[in-house]
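Here this note's numbering is used: the first residue of the first sequence is 1154, the next is one more, and so on. Below is one structure; the comments refer to it alone.
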Amino acid sequence: MAIRLYDTLSRTKKQLDPVDPARVAMYVCGPTVYGRAHIGNARPAVVFDTLRRLLRHDYGAEHVVYARNITDIDDKIIARAAAEDVPIETITRRYEGFYLADMGALGVEAPDLAPHATTSVPEMVAMIGTLVAKGHAYAAQGHVLFDVPAFAGYGALSRRPLDEMIAGARVEVAPYKRSPADFVLWKPSSGDQPGWDSPWGRGRPGWHIECSAMIAQSLGRTIDIHGGGLDLQFPHHENELAQSTCAHDGAPLANIWMHNGFLGMGDGGKMSKSLGNVVTVEDLLAQGWHGEVLRLALLSAHYRQPLEWTETLLEQSKAKIEKWRRLLGPFPSGQRPAPHPDVVAALADDLNTPAMLAALSAIESDAESLLGSLAFLGLPGFQRADTMAPGAAWRLGTSVVADDGHIDAQVAAQVAARTAARAARNFAESDRIRDELAAAGIILEDGAGGTTWRRG
RNA sequence: GGCCCGAUGGCGGAGUGGUGACGUAACGGACUGCAAAUCCGUGAACCCGGGUUCGAUUCCCGGUCGGGCCUCCA
């Protein structure tokens, strides 16, 4: 099936045409690990995890290589380590672990490759050296800077005219820059700062060169898809594109550039660490929102559209999840059924998740397809078919609410008591039991075959 | 100030030059001792003003409002 994706560089939907269909390469800018991930950080993780599932479905799991880096050297990390008086590794390991756990709770699988900036410094130094040798970068006062005006293609991705960028520069221009638009590839480290030896002295890489070097190292010169948040479009991706193109003699860095939109806070503003109005994934999980609810909420709008993160959105997503859970009920299955073709087709059209959800509604009566589709989408509560023994009966959703045999027995006893009361037409008593259970979050349903219960 | 994007029912949110998806919520009915769940049904929207067109929510221009980027940021 042809996959069409919106490419930021050309501002059009392009059909994915992999350089090598046996090795479809996707790179997404990962986290800088110095704090807990907020739900806005989770949007690209979930979006590109979903795209990766689609790619694997189409090309075969073994023919997709997904790299998501870990930025583990950065001034914020250095500051955080200094504040806690610990080595930077203490900070980066801690928050990388949290990140993987938080994303895992949202059904985001680990990428195939997770290059770390600190272990790719030699590649960065080499790429900087290449850029200097080719006349695209210059050294000045311990720094190495990229010569922006020397690259004619600069500004194409973000559609920014170079002269306006220079004229509109709001930051005080460092005196060693030839042009205000030039950006740092390498900067010197003081004695107490982490640093690596280089032809330009002891220092550390600039942020942008990290991704360029890690992409070349882990995936190759020209990759099929490069993703990230809209805010990375400029300057980060613009700079990546410039560096890689110049270092690789004009070979394009990526054939398709994808950017996800932002999450709003429901008050019009965006969620951002610098504004301090973040809601972390950890918080949301602690509040009792299951991972599949959060994932569904993130997929409820098209990935390029802004999405307001509100309590109402979560409640609507939760209602949908619970409905699916009831629909599927105890579902006997050995293997994960296949996703419905309409669901796959909707995703193949630039990851149109709202259309995908509409397709899902249309197939709700087909439990097999519904389950296969929900599992395919990576919703954490609907994954158990993968690990179930063939033919075993299982109840969906138990993966997120731990089974407790003791509580189950208690509820069963109360249900039995209520059934007896109803048989005796003692409705005051039966309603009392039902209210009591409801207060404990247990919802009773009287069906033709007797009373069943579920957690609300 | 420069650049860019968006505006669809109570809410969320696709899409389209000609009957405006889907979800969620609301309401009515069936079912139920009553509920819940389920089923059936109902009402409910394309920011404003021009233009192009036989016809515009969809295309073009202007405006209003909202958001983003230009500085670390998903």
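Positions of the beta carbon are idealized from the N, C-alpha and C atoms, including for glycine. In this text the structure is predicted, and so the values were computed from the model without any measurement.
By Cβ distance below 6 Å, which residues in the same chain neighbour W1349 in space, the five residues on each side in sequence not counted? By 1-based counting over the first sequence, the position of residue 1349 is 196. Answer for W1349: V1274, listed in chain order.
Using 10 angstroms around the beta-carbon of M1154, count the other beta-carbons present and answer buried if the total reaches 16, otherwise exposed. The residue given as residue 1154 occupies position 1 in the first sequence. Classification of M1154: exposed, given that the 10 Å Cβ count is below 16.
Looking at the structure shown, is A1555 part of a helix, part of a strand, or coil, going by DSSP? Counted from its first residue, the first sequence places residue 1555 at position 402. Low confidence applies to A1555: its pLDDT is 37, below 50, so where it sits in the model is not reliable, and the reading given next is rough at best. The answer is coil: DSSP assigns A1555 none of H, G, I, E or B.
For T1398, report the span of its alpha helix (DSSP H) as first-last. As a working note, residue 1398 is residue 245 in the first sequence. That run of the alpha helix (DSSP H) goes 1391–1400.
Every unbroken alpha helix (DSSP H) inside the segment 1213–1282 [4 residues or more]: 1228–1237, 1241–1258
Would you kindly check if the distance between the Cβ of M1424 and the Cβ of L1416 is under 7 Å? Along the first sequence, read from residue 1 onward, the residue named residue 1416 stands at position 263. Along the first sequence, read from residue 1 onward, the residue named residue 1424 stands at position 271. Yes, these two residues count as a Cβ contact at 7 Å.
Within the same chain, show all residues whose beta-carbon is closer than 6 Å to that of L1394, passing over the 5 residues directly before and after it, in chain order. Here residue 1394 is taken as the residue at index 241 of the first sequence, counted from 1. So the qualifying residues of the chain are L1310, L1406.
If you pair each beta-carbon of the segment 1203–1222 with each one of the segment 1363–1371, do three or more pairs fall below 8 Å? yes
Exposed unless 16 or more other CB atoms sit within 10 angstroms - verdict on K1287: Position 134 of the first sequence, counted from the start, is the residue given in the question as residue 1287. Its Cβ having fewer than 16 others within 10 Å, K1287 is exposed.
Three-state secondary structure (DSSP) of A1538: Within the first sequence, numbered from 1, the residue matching residue 1538 stands at position 385. Reliability fails at A1538, whose pLDDT of 44 lies under 50, so the model's placement of it is uncertain and the value that follows must be treated cautiously. Three-state result, A1538: helix.
Endpoints, the beta strand (DSSP E) within which I1376 is located: The sequence position of residue 1376 within the first sequence is 223, counting from 1. Unbroken beta strand (DSSP E) run through I1376: 1376–1382.
Can you tell me which residues form a DSSP beta bridge with G1185? Working through the first sequence from its first residue, we reach residue 1185 at position 32. It is worth fixing the name first, because residue 1185 is Thr in this sequence and not Gly. For T1185, which the question treats as bridged, DSSP gives the partners T1224.
Report the three-state DSSP secondary structure of R1164 (helix, strand or coil). Position 11 of the first sequence holds residue 1164. Here R1164 sits in coil by DSSP.
Report the rounded CA-to-CA distance for D1173 versus N1408, giving the unit in angstroms. The sequence position of residue 1173 within the first sequence is 20, counting from 1. The sequence position of residue 1408 within the first sequence is 255, counting from 1. Rounded to the nearest angstrom, the two C-alpha atoms are 12 Å apart.
Check the DSSP bridge columns for T1604 and list the partner residues they point to. Sequence index remark: in the first sequence, residue 1604 carries index 451 (1-based). Answer by DSSP bridge pairing, in chain order: D1599.
Locate the alpha helix (DSSP H) running through V1434, then write down its first and last residues. For the purposes of this step, residue 1434 is taken as residue 281 along the first sequence, with counting starting at 1. Unbroken alpha helix (DSSP H) run through V1434: 1434–1439.
Could you check whether T1272 and I1226 sit closer than 7 Å to each other, using their CB atoms as the reference points? One-based indexing of the first sequence puts residue 1226 at position 73. One-based indexing of the first sequence puts residue 1272 at position 119. Not in contact: I1226 and T1272 (Cβ atoms no closer than 7 Å).
Taking 8 Å as the threshold, find out whether the segment 1229–1248 comes into contact with the segment 1370–1383 through three or more Cβ pairs. no
Would you mind working out which of N1505, V1446, Y1456, G1534 sits nearest T1465, comparing C-alpha positions? Against the first sequence, residue 1465 aligns to sequence position 312. Per the Cα distances, V1446.
Are the CB atoms of A1178 and L1372 within a distance shorter than 7 Å? In the first sequence, the residue the question calls residue 1372 occupies position 219. In the first sequence, the residue the question calls residue 1178 occupies position 25. Yes, they are a contact pair.
Do P1617 and G1525 have their CB atoms nearer than 7 Å? The structure shown has nothing for residue 1617, since the chain only spans 1154 to 1609.
Kindly identify the DSSP beta-bridge partner or partners of W1410. Position 257 of the first sequence holds residue 1410. W1410 pairs with H1379.
One question on the structure: do P1507 and D1377 come within less than 7 Å of each other, judged by their Cβ atoms? If you number the first sequence from 1, residue 1507 lands on position 354. If you number the first sequence from 1, residue 1377 lands on position 224. Going by C-beta atoms, P1507 is not nearer than 7 Å to D1377.
Give the secondary structure of I1156 by DSSP, where H, G and I count as helix, E and B as strand, and everything else as coil. Reading the first sequence from its first residue, position 3 is the one you call residue 1156. I1156: coil per DSSP, three-state reduction.
Classify D1173 as helix, strand or coil using the three-state DSSP reduction. Stepping through the first sequence from its first residue, residue 1173 is reached at position 20. D1173: coil per DSSP, three-state reduction.
Between the C-alpha atoms of P1314 and D1160, what's the straight-line distance to the nearest angstrom? Here the question's residue 1314 lines up with position 161 in the first sequence. Here the question's residue 1160 lines up with position 7 in the first sequence. P1314 and D1160: Cα-Cα distance of roughly 19 Å.
Beta-carbon proximity list for Q1294, same chain, < 6 Å, skipping 5 on both sides: Indexing the first sequence from 1 puts residue 1294 at position 141. So the qualifying residues of the chain are Y1329.
With DSSP as the reference, identify every bridge partner of G1193, one or two as the case may be. Sequence index remark: in the first sequence, residue 1193 carries index 40 (1-based). According to DSSP, which records beta bridges pairwise, G1193 is partnered with nothing at all.
Rounded to the nearest angstrom, how far is the Cβ of A1195 from that of L1451, given a contact under 8 Å? Numbered from 1 along the first sequence, position 42 holds the residue referred to as residue 1195. Numbered from 1 along the first sequence, position 298 holds the residue referred to as residue 1451. So it is a contact: roughly 6 Å between Cβ atoms.
Residue range of the beta strand (DSSP E) that A1454 falls in? Taking the first sequence and counting its residues from 1, the one referred to as residue 1454 is at position 301. Note, A1454: premise wrong, no beta strand (DSSP E); not H, not E.
Alpha helix (DSSP H) runs wholly inside the segment 1279–1362, at least 4 long, in chain order: 1315–1320
Taking 7 Å as the cut-off, decide whether the C-beta atoms of G1260 and R1448 are in contact. The sequence position of residue 1260 within the first sequence is 107, counting from 1. The sequence position of residue 1448 within the first sequence is 295, counting from 1. For G1260 and R1448, yes; Cβs fall inside 7 Å.
Buried versus exposed, by CB contacts within 10 Å (16 or more), S1514: The residue labelled residue 1514 in the question sits at position 361 within the first sequence. Its Cβ having fewer than 16 others within 10 Å, S1514 is exposed.
So the alpha helix (DSSP H) P1507 belongs to, where does it begin and stop? Along the first sequence, read from residue 1 onward, the residue named residue 1507 stands at position 354. Here the alpha helix (DSSP H) through P1507 covers 1506–1515.
Limits of the alpha helix (DSSP H) - the one that L1467 falls within: Position 314 of the first sequence, counted from the first residue, corresponds to residue 1467. First-last of the alpha helix (DSSP H) with L1467: 1464–1481.
Tell me the DSSP bridge mates of A1570? Counted from its first residue, the first sequence places residue 1570 at position 417. DSSP lists no partner for A1570.
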